[in-house]
Each structure stands twice: as structure tokens, then as C-alpha cells.
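J.: Questions regarding the structure given below will be posed in turn.
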Amino acid sequence: EKTVSLLLPPCRVRMLYLTALVFHIPHSLAAKSGECPPVPPGSTCVVPKSLCQHDGDCPGPEKCCSDGCGLLCTKPIL
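Next up, the structure:
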């Protein structure tokens with residue numbers, strides 16, 4: 071009986087990984103136009119929470135901005 075392996079050779083796995091990085095990283099790290107709004111003075115933070123890391127994580131024209139506690143997708147100031 072013949073067995074079929076579902077594992078890819080290591081060189082193929084590396085190539086797929088590198089290809090994914092090449093196409094994902096530039097998009098996710100690209101800065102979008104506009105500026106983040108100023109952080110409100112006196113904002114308090116009990117539990118820091120970030121909903122994004124880079125502008126590319128946000129939909130449409132939104133940017134990944136600080137609200138004084140964490141990062142979240144925000145409409146930019148143009």
C-alpha cells in the first residue's frame with residue numbers, strides 16, 4: 071500500500087513563508103496619509119489595550135493612533 075505524505079519539503083515551506091512576508095509586510099507597515107488626532111489631556115488608562123499595530127491594520131483611510139491608553143483605528147486629520 072502506498073502512503074502519500076502531506077508535508078512539504080523544508081525548502082518549499084521556507085519559500086512559502088518568505089513569499090507571504092514579502093506581500094504582507096509592506097502593506098501592513100505602510101503609513102497612511104494624514105495625522106493622528108492629539109491624545110486627550112488627562113486621559114487615564116486602567117487596562118492598556120491595542121486594537122491595531124500599524125496603519126495597514128485599519129480599514130480604509132483610518133490610521134492606527136494612540137488614545138492615551140492603547141492603539142486603535144481612528145479617522146485621521148488631513
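In the numbering used here, the protein residues as written are 71 to 148.
C-beta: ideal position from N, C-alpha, C; glycine also.
Please name the residue in Gly138, Glu105, Ala100 and Ile147 whose C-alpha comes closest to that of Pro118.
T.: That would be Gly138, whose Cα lies nearest to the Cα of Pro118.
J.: Whose CA, out of Thr114, Gly112, Lys133 and Pro111, lies closest to the CA of Leu121?
T.: Lys133
J.: Taking Leu141 as the reference, which of Ile147, Pro131 and Asp125 has the closest Cα?
T.: Asp125
J.: Give me the DSSP bridge partner(s) of Thr114.
T.: According to DSSP, which records beta bridges pairwise, Thr114 is partnered with nothing at all.
J.: Since Cys106 and Cys135 should fall inside the 8 Å C-beta cutoff, what is the C-beta to C-beta distance between them, to a whole number of angstroms?
T.: 3 Å
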